[in-house]
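Participant: Questions regarding the structure given below will be posed in turn.
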Amino acid sequence: MKRLLAALLAWPCLALAQAYPNKPVRIIVPFPVGGTTDLIARAIQAKLQDNLGQQVIIENRSGAGGSIGAAEAARAPADGYTLLMVFDTHATNHHLFKAAPDPFKAFEHISLMVTSPSALVGVTSFAPNNLREVVAYAKANPGKVTYSTPGSGSSNHLAALLLEQHGGIKMTQVSYGGGGPMTQALLSQQVNISFFSMPPMVPHIKAGKLKGIAVGSRQRMPQLPDVPTLSETFPGFEVTSWFGVLAPTATPKDVLGRVHRDFVRALQTPEIRDKLTDMGFQVVGSTPEEFLRWVRTESDKLGKLIRDSALEPQ
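Right, dumping it as structure tokens:
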């Protein structure tokens, strides 16, 4: 009788796991088309469809540093049919935007997918060619060096604030609506420099359309061996971008397990792993617990920087 009762109690969970997914799965990317988060989502889309056996629809919902798309995902039914692809702003938006959902209450953390060093890039018309020259120019011209970001409190903005701290300089932020618009602003030379996730910048640097000033990794990147690291000028100065996938809180554990398995399988597919690695990403595919610890650490560290910089919530 006890075995029968246990089996009956387990049946709803088993049925749900077997039934999922039985319709298309939506992934919200809270940034515009053409940005790095969008690039990663579309890189794994086809393989993820194969793994899930359902169509995967990517929807871009940009605004407020990713908070608008995150809020939409948080309101979605907790059934596994709406997922959220996040950038490192996921760990900081709740410090900066009143509309941003609490990352630790609103979401289930599924996997840290990939990481990448950030790159400090400059436009070809900007005279400085390396980090020391950028700092010297900024000191001689306070406030005249312009840098692009997707908004105050973004990882791009926080990296620039760290550069100001390290270099003892003051620059001017110019905000755009996401990675795609930021790239266009750089290519059309509307700003001088920008911190950007490295992979989408590599082709432009190699083509001579942008200058590679420094990379945020501990060691030089094989894709750009002639570009020094930030820490070669300022020891300990590192900047890393990261990307992960979430689901609304209270999504059934069996569904979360299926999503985690199929995302990690997609990332570990040789052609996708090689493609992302060649672009400059480090494929991770973490456990949910590892991802949650990562986000808490980032939130604590960057939350302090935000408070020290007196950035007010919007």
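All residue numbers for the sequence shown refer to our numbering, where the first residue is 700 and numbers rise by one. The beta-carbon is built from N, C-alpha and C at its ideal position, and this holds for glycine as well.
#1: Classify Thr848 as buried or exposed, calling it buried when 16 or more other Cβ atoms lie within 10 Å of its own Cβ.
#2: Taking the straight line between their C-alpha atoms, what separation do you get for Leu830 and Arg957?
#3: Could you check the C-alpha separation between Leu1004 and Gly764 for me, to the nearest Å?
#4: Candidates Thr948, Val901, Glu758 and Pro969: which alpha carbon is nearest Thr882's?
#5: Which residues bound the beta strand (DSSP E) around Pro947?
#6: Using only the alpha-carbon positions, how far apart do Asp973 and Lys838 sit?
#7: If you reduce the DSSP assignment to three classes, tell me which class Lys804 lands in.
#8: Within its chain, find whatever has a CB closer than 6 angstroms to the CB of Met978; leave out the 5 residues flanking it on each side and keep chain order.
#9: Decide if Asp961 is buried, meaning its Cβ has at least 16 other Cβ atoms within 10 Å, or exposed.
#10: Closest by CA to Lys1000, which one among Ile726, Ile739, Thr791 and Arg774?
#11: Residues bridged to Ser851 by DSSP?
#12: With a cut-off of 8 angstroms, do at least 3 Cβ pairs link the region 842–856 to the region 869–879?
#13: According to DSSP, simplified to helix, strand and coil, what is Gly1002?
#14: Quick check: what's the CA-CA separation for Leu991 versus Phe825?
#15: Only counting the same chain, and skipping five residues up and downstream in sequence, which positions put a Cβ closer than 8 angstroms to that of Lys1065?
#16: In the DSSP assignment, what residue or residues form a beta bridge with Gly911?
#17: Terminal residues of the continuous beta strand (DSSP E) containing Ile743?
Facilitator: Taking the structure as given:
#1: Per the 10 Å Cβ criterion, buried.
#2: Rounded to whole angstroms, Leu830 and Arg957 show a C-alpha spacing of 45 angstroms.
#3: Answer to the nearest angstrom: the Cα atoms are 17 angstroms apart.
#4: Minimum Cα distance to Thr882 is reached at Val901.
#5: Per DSSP, Pro947 belongs to the beta strand (DSSP E) from Thr939 to Pro947.
#6: The alpha-carbon of Asp973 is positioned some 42 angstroms away from that of Lys838.
#7: Look at Lys804 here: in three-state DSSP terms it is coil, with no helix or strand label.
#8: Hits under 6 angstroms: Pro898.
#9: Sixteen is the threshold: when 16 or more other Cβ atoms of the shown chains lie within 10 Å of the Cβ of Asp961, as they do, the residue is buried.
#10: Among Ile726, Ile739, Thr791 and Arg774, the Cα nearest to that of Lys1000 is on Thr791.
#11: BP columns for Ser851 are empty, so no partner.
#12: Three or more pairs of CB atoms, one per stretch, sit closer than 8 angstroms, so the region 842–856 contacts the region 869–879.
#13: The answer is helix: DSSP assigns Gly1002 an H, G or I state.
#14: The alpha-carbon atoms of Leu991 and Phe825 are separated by roughly 40 angstroms.
#15: In this structure the chain extends from 700 to 1013, so residue 1065 is not present and cannot be described.
#16: Gly911 pairs with Val820.
#17: Careful: Ile743 lies outside any beta strand (DSSP E), inside the alpha helix (DSSP H) at Thr735 to Leu751.
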